[in-house]
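Residues 297 to 473 (the numbering used here) make up the sequence shown, in order.
We treat Cβ as the ideally placed atom computed from N, Cα and C, and that holds for glycine.
From a predicted model like this one, the values you see are computed outputs, not experimental measurements.
Presented below is the structure to which this report refers.
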Amino acid sequence: MKIQKIDFEKYLKEYDQTTGLFPEELMKIGEKYHSKGYLTKAELYQLAHLNSTRSSYHVKRNPEGRIEKVTEVAYNIENDFCRLALYTSLMGIGIPTASAILTSLDSQKHCVIDTRVWATLYNLNYFEKEKESFKADDYLKIAKIVRKMAAETDYSTAEIAYALFAYDVVHRDGNLH
């Protein structure tokens with residue numbers, strides 16, 4: 297169900313003025329992940345900090361070696377639900393940060409999600425209620441919609457989500473939470 301068209305180009309330009317993460321930095325971490333097939337604790341902390349400065353410090357509480365092993369196993373699995381489940385088993389990693397990990401690996405297929413992306417899709421009548429926390433299935437629902445939007449444009453799935461994020465920043469009345 298498509299209610300209105302969004303000027304993705306306009307909102308991608310607006311994204312640079314938001315508090316959203318830095319896509320270039322995210323992709324650099326993804327390159328490191330691809331080169332080794334796992335993330336170190338320092339790399340995952342850096343990625344988590346890009347996505348959520350409030351909860352990133354929890355990443356440091358993971359036992360030595362756990363992050364490397366979990367991210368290595370997740371790297372070698374094709375199923376997105378399973379990958380999300382593995383990532384979120386790590387301390388400091390919720391679905392929004394897990395979506396950033398997936399996006400760092402493949403920005404054509406994946407996107408970073410959060411309450412702003414959901415809110416925009418809700419305001420466009422893709423969802424029936426607002427949401428502030430997410431499960432793996434929520435990511436899969438969002439990704440399906442955003443991939444369809446990307447397929448209708450020259451933008452990647454990640455870029456579409458960044459534009460949706462900026463759309464909420466520009467159009468939101470009042471506080472986010």
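Inter-residue Cα distance where the pair is THR314 and PHE304: 15 Å
Supposed contact pair SER351 and GLY388 - C-beta distance, whole angstroms, cut 8 Å: 6 Å
Outcome for LEU436 when other beta-carbon atoms lying within 10 angstroms are tallied against a minimum of 16: Counting other Cβ atoms within 10 Å of its Cβ, LEU436 stays below 16 and is therefore classed as exposed.
Backbone secondary structure at ARG350 - three-state DSSP: coil
Any 3 or more C-beta pairs closer than 8 Å across the segment 449 to 468 and the segment 406 to 421: yes
Buried or exposed by the 16-neighbour rule on C-beta atoms within 10 Å, applied to ILE373: With fewer than 16 Cβ atoms within 10 Å of its Cβ, ILE373 is classed as exposed.
DSSP state of CYS378 mapped onto helix, strand, coil: helix
Whole-angstrom distance between THR399 and VAL301, CA atom to CA atom: The amino acid at residue 301 is misidentified as Val; the sequence shows Lys. Between LYS301 and THR399, the C-alpha separation is close to 24 Å.
Rounded Cβ spacing between ALA396 and ASN347 (contact assumed at less than 8 Å): At roughly 4 Å, the Cβ-Cβ gap stays under 8 Å, so ALA396 and ASN347 are in contact.
Rounded distance between the beta-carbons of LYS337 and VAL355, thought under 8 Å: 7 Å
Straight-line Cα distance separating GLY390 from GLU426: Rounded to the nearest angstrom, the two C-alpha atoms are 18 Å apart.
Counted within 10 angstroms of its Cβ, other Cβ atoms place GLU360 as buried (16 or more) or exposed: exposed
Proximity below 8 Å, CB of TYR307 to CB of ALA415: Not in contact: TYR307 and ALA415 (Cβ atoms no closer than 8 Å).
Extent of the continuous alpha helix (DSSP H) to which GLU455 belongs: 453 to 467
Within 8 Å, strictly: CB atoms of LEU335 and ILE363: With respect to ILE363, LEU335 sits close: the two C-beta atoms are nearer than 8 Å.
Cβ pair ILE438, LEU420 closer than 8 Å: no
As assigned by DSSP and simplified to three states, the class of GLN404: coil
Supposed close pair GLY333, TYR383 - CB separation, criterion 8 Å: Not quite, the Cβ-Cβ distance comes to about 15 Å (not below 8 Å), so this is no contact.
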